[in-house]
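Asks: Handing you this structure, nothing more for now.
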Amino acid sequence: MSAVIIVGAQWGDEGKGKIVDLITPSADAVVRFQGGANAGHTLVIGTEKTILHLIPSGILHPNVRCVIGNGVVIDPKVLLEEIALLKGKGYMADDRHLQISDKAHVVFPYHVTIDQLREEKLGGGKIGTTGRGIGPTYEDKVARRGIRMADLLDEKVLRERLETILPERNAYIEKVLGGKPFEIKELCDLYAEYGRRLKIYVSDVTDHIHTWRKAGKNILFEGAQGTALDIDHGTYPFVTSSNTVSSGACSGAGVGPNAIDEIIGVTKAYCTRVGSGPFPTELEDATGELLRSKGGEYGSTTGRPRRCGWIDLVSLRYAVNINGITGLALTKLDVLSGFKTIKLCTAYDVRGEKVTSLPSLRADFEGARPIYEEVTGWDTDLTAVSSYDALPDGVKKFIKRIEDYLEVPVIIASYGAERNACIIRKNPF
Ligand code: IMP
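So for the sequence shown, the numbering used here puts the first residue at 2; every next one is plus one.
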């Protein structure tokens, strides 16, 4: 058996969904371990595009078990819509295909309201959240006033939990945020119904994971968002509210660190970010606009235009260290085709000093100016390329520079949304 973790090495949207989909044929199970419906994984098979927010991308492979671990926060309405969408397309014919942790916390409408009203109040200083209630749900989990999937299965427990929790949340919504309160009965009826519909999928998934491990099965842990959005290691406070880094797979799925064999970091060949916060290589010019239009850089969850810039190796080295990345998947190389020169940020200028690590002080990070190296670009259409050797020299030099700087091999090079638009140099399983 092998266990592989896939994480985002930048600010999310690196193309993890495609990489998971590519590696899934070698896996017996795919496990999501953090985040919620703030994620949006786009999968393209032939002419069919599927965007998943909660269900692991492995669901498109009929023989692979998909698990939503305890570290995920679940909006049951989104989940049920996703199940219906997949079933409508002929996927998930067998209900055992999906398994949901009984310990995963549940997103309620009051979480969504709190998230959105807070952002409105923050105005220019807002985080730029996806507005899906993610932060408030994780807050409630840590404050021990959360409601878990298991609680939805017992209406009495659900009502008791809501009776304890909701008055306080309502007071906060009304008095601090100026919003409308929620009715216990309405929420209880709705969520008990969600519980009835989702019951067949809910169990102690750690039991399954450990049974699979003992039986020598291959398990893929699928991260959402990216390292720079990690609650501890990201660009705080402009982060999401979970541990997006590889160690989150252990706590968010219930496995020990010694179960993990390989950790794949996914990075675009350039860099994007949605939401607020520092982004040293951001290009607010025609080049940034070109990256956005060529790369289709609009959020798959919110449709927001993504901020675009050159690849940042300083921040990627940090990601390699924090995650223990053993191999990189480099995506969207096709977007760089046609650029005369391509820049890679190898250091920052922080108040006149050259630094090669992330500045601790927020003002220093916000004011950091990128110091670039350049490589000659390539003009070749990459769609027909089917081997590493057949890649243009420019691509190979670009990849080599990334590998040398980060001291990690690029094991997958991807240059299009289609399954076959990529080269797998080493299968992590
Ligand atoms: P939240 O996760 O909705 O609370 O948003 C917090 C920050 O994480 C914001 O900057 C969001 O834009 C960002 N974020 C959350 N999910 C994703 C994602 O899947 N891709 C990229 N950014 C994300």
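Yeah, the Cβ is synthetic: ideal placement off N, Cα and C, and Gly gets one too.
(1) At a cut-off of 8 Å, is Thr130 close to the ligand IMP when judged by its beta-carbon and the heavy atoms of the ligand?
(2) Evaluate the contact criterion for the stretch 124-135 versus the stretch 148-160: three or more CB pairs, one atom per stretch, below 8 Å.
(3) Which value, in whole angstroms, describes the spacing of the CA atoms of Phe34 and Ala414?
(4) So, is Glu375 buried or exposed, given that buried needs 16 or more other C-beta atoms within 10 angstroms?
(5) Hey, out of Arg198, Val74, Gly304, Lys397, whose CA is closest to Val143's CA?
(6) When you compare each of Ala85, Arg274, Thr342, Lys295 to Gly378 by their alpha carbons, which one comes out closest?
(7) What does DSSP give as the partner residues of Lys176 in its beta bridges?
(8) Just tell me which of Ile265, Glu354, Asp205 has its CA closest to the CA of Leu331.
(9) Within 8 Å: the Cβ of Leu14 and any heavy atom of the ligand IMP?
(10) Return the Cβ separation of Arg426 and Leu23 in integer angstroms, given the expectation that the two are a contact with Cβ distance under 8 Å.
(11) Here's the rule: buried if 16 or more other CB atoms are within 10 angstroms of the residue's CB, otherwise exposed. What is Ala254?
(12) Have a look at the DSSP bridge pairing and note the partners of Glu375.
(13) Do you know offhand how far Tyr373's Cα is from Ala270's?
(14) Thinking C-alpha only, which one of Thr207, Pro429, Tyr349, Arg274 is nearest Trp12?
(15) Where do the N-terminal and C-terminal ends of the alpha helix (DSSP H) with Arg363 fall, by residue?
(16) Where does Gly266 sit, in a helix, a strand or coil, going by DSSP?
(17) With Ile101 and Ile69 assumed to form a contact (beta carbons below 8 Å), what rounded beta-carbon distance in angstroms separates them?
(18) Go ahead and pull the three-state DSSP assignment for Phe222.
(19) With DSSP as the reference, please indicate the residues paired to Ile425 in a beta bridge.
(20) Work out the CA separation of Met150 and Ile201 for me, nearest whole Å.
(21) If we ignore side chains and look at the alpha-carbon of each, how far apart do Val321 and Glu175 end up?
(22) Is Asn244 near the ligand IMP - that is, is its Cβ less than 8 Å away from at least one heavy atom of it?
(23) What are the partner residues of Gly9, as DSSP defines its beta bridges?
(24) How about Ser243 and Tyr319: do their beta carbons lie closer than 9 Å?
Replies: Quick look at the numbers:
(1) Within the sequence shown, numbered from 1, the residue matching residue 130 stands at position 129. For Thr130, the CB falls within less than 8 Å of some heavy atom of the ligand IMP.
(2) With a cut-off of 8 Å, the stretch 148-160 and the stretch 124-135 do not count as touching, because too few Cβ pairs lie within range.
(3) Residue numbering aside, residue 34 sits at position 33 when the sequence shown is read from its first letter. Residue numbering aside, residue 414 sits at position 413 when the sequence shown is read from its first letter. Whole-angstrom Cα-Cα distance: 25 Å.
(4) If you number the sequence shown from 1, residue 375 lands on position 374. Burial is judged here by how many other beta carbons sit within 10 angstroms of a residue's own beta carbon; Glu375 has fewer than 16 and is exposed.
(5) Here the question's residue 143 lines up with position 142 in the sequence shown. Looking from the CA of Val143, the closest CA among Arg198, Val74, Gly304, Lys397 belongs to Val74.
(6) On the sequence shown, residue 378 is found 377 positions in, with the first residue counted as 1. For the options Ala85, Arg274, Thr342, Lys295, the alpha carbon positioned closest to that of Gly378 is the one of Thr342.
(7) Numbered from 1 along the sequence shown, position 175 holds the residue referred to as residue 176. Looking at the DSSP assignment, Lys176 forms no beta bridge with any residue, so it has no partner.
(8) Stepping through the sequence shown from its first residue, residue 331 is reached at position 330. When only C-alpha atoms are compared, the closest one is Ile265.
(9) Looking up residue 14 in the sequence shown gives position 13. Per the sequence presented here, residue 14 reads as Asp, with Leu not at that position. Short note on Asp14: C-beta closer than 8 Å to some heavy atom of the ligand IMP.
(10) By 1-based counting over the sequence shown, the position of residue 426 is 425. By 1-based counting over the sequence shown, the position of residue 23 is 22. About 12 Å; that fails the 8 Å criterion.
(11) As a first step, residue 254 must be located in the sequence shown, where it is residue number 253. Burial of Ala254 is indicated by the presence of at least 16 other C-beta atoms within 10 angstroms of its C-beta.
(12) Sequence index remark: in the sequence shown, residue 375 carries index 374 (1-based). For Glu375, which the question treats as bridged, DSSP gives the partners Lys344.
(13) Position 372 of the sequence shown, counted from the first residue, corresponds to residue 373. Position 269 of the sequence shown, counted from the first residue, corresponds to residue 270. Tyr373 and Ala270 have their C-alpha atoms spaced approximately 15 Å apart.
(14) Taking the sequence shown and counting its residues from 1, one reaches residue 12 at position 11. Closest in alpha carbon position to Trp12, among Thr207, Pro429, Tyr349, Arg274, is Arg274.
(15) Taking the sequence shown and counting its residues from 1, the one referred to as residue 363 is at position 362. Unbroken alpha helix (DSSP H) run through Arg363: 363-368.
(16) Residue numbering aside, residue 266 sits at position 265 when the sequence shown is read from its first letter. Strand.
(17) To locate residue 101, count along the sequence shown from 1; it is residue 100. To locate residue 69, count along the sequence shown from 1; it is residue 68. Right, the Cβ-Cβ distance comes to about 5 Å (below 8 Å), so this counts as a contact.
(18) For the purposes of this step, residue 222 is identified with residue 221 of the sequence shown, where counting begins at 1. In the three-state reduction of the DSSP assignment, Phe222 falls in the strand class.
(19) Here residue 425 corresponds to residue number 424 of the sequence shown, with the count starting at 1. Beta-bridge pairing links Ile425 to Ile413.
(20) Here residue 201 refers to the residue found at position 200 when the sequence shown is read from its first residue. Here residue 150 refers to the residue found at position 149 when the sequence shown is read from its first residue. Cα to Cα, Ile201 sits roughly 12 Å from Met150.
(21) Position 320 of the sequence shown holds residue 321. Position 174 of the sequence shown holds residue 175. CA-to-CA, the gap between Val321 and Glu175 works out to about 44 Å.
(22) Numbered from its first residue, the sequence shown carries residue 244 at position 243. Outside the cutoff, so no.
(23) On the sequence shown, residue 9 is found 8 positions in, with the first residue counted as 1. Its beta-bridge partners are Val267.
(24) In the sequence shown, residue 243 corresponds to position 242, counting from 1. In the sequence shown, residue 319 corresponds to position 318, counting from 1. No, these two residues do not count as a Cβ contact at 9 Å.
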